[in-house]
Structures are given as structure tokens and as C-alpha cells.
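Asks: The sequence shown begins at 9 in the working numbering and counts up one residue at a time. Where is the CB? At the ideal position from N, CA and C, for every residue including glycine. As the structure is a computational prediction, the values presented were derived from the model and not from experiment. One structure follows; several queries about it will come next.
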Amino acid sequence: MGKDDFENGGTIKPAFLIRKLVKAYKTLAKEESAMRTHAAREIALLRNPKTMAEALRTPQRVEWIDDINKEISSLVGKYSR
């Protein structure tokens, strides 16, 4: 853990925690073959989706839809002036 892994307020950055969780799930999958499917599913949930279809299949789909709508509104406002 380095100084870049902390926010200004001293809290641990979410990206650091996600990296550690992914590493732990990979280790679990490697050591326990029965847990591979579970570990792969958990890793997929921790990573940002690469497509809109992936985003809409996640448990956070409502948040992704809100973010997509905010981005579209921002772009429409920016280019309609």
C-alpha cells in the first residue's frame, strides 16, 4: 500500500480495494477449482463494464442508466447551444 492508494481525507481509494479483491478471487479460483465459477462472477461484478449491454446486466444497472442519462443530457446541452 502506497500513498497513492489513499484519498486526501486518508481513506483508502476504492480502486485499491477492488484490485485486492480481484487478486483474492483469482487466488481462490486457482486454489479451489469448485469456486472458479463463483470467483469469475464476483470478479466480473467488480470490474467496470465495457459495453452498455454489460452495464445493463449488472446489479448496478439502475446507477448505470442514471449515469448514461446524465452524460447524454450533458452532451445534448453542450452541443445544442
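May I ask you to list the residues that DSSP assigns as paired with phenylalanine 14?
Replies: As a working note, residue 14 is residue 6 in the sequence shown. In the DSSP assignment, phenylalanine 14 forms a beta bridge with Ile20.
Asks: First and last residue of the alpha helix (DSSP H) that includes glutamate 62?
Replies: Numbered from 1 along the sequence shown, position 54 holds the residue referred to as residue 62. Per DSSP, glutamate 62 belongs to the alpha helix (DSSP H) from 60-64.
Asks: From which residue to which residue does the alpha helix (DSSP H) around serine 82 run?
Replies: As a working note, residue 82 is residue 74 in the sequence shown. That run of the alpha helix (DSSP H) goes 69-87.
Asks: Note down, in chain order, each residue of its chain lying with its Cβ closer than 7 Å to the Cβ of isoleucine 26, except the 5 sequence neighbours on either side.
Replies: Within the sequence shown, residue 26 is the residue found at index 18, counting from 1. Within the same chain, isoleucine 26 has close Cβ partners Leu54.
Asks: Excluding sequence positions up to five away, which residues of its chain have a Cβ less than 6 Å from the Cβ of tyrosine 33?
Replies: Residue numbering aside, residue 33 sits at position 25 when the sequence shown is read from its first letter. Hits under 6 Å: Ala47, Glu50 and Ile51.
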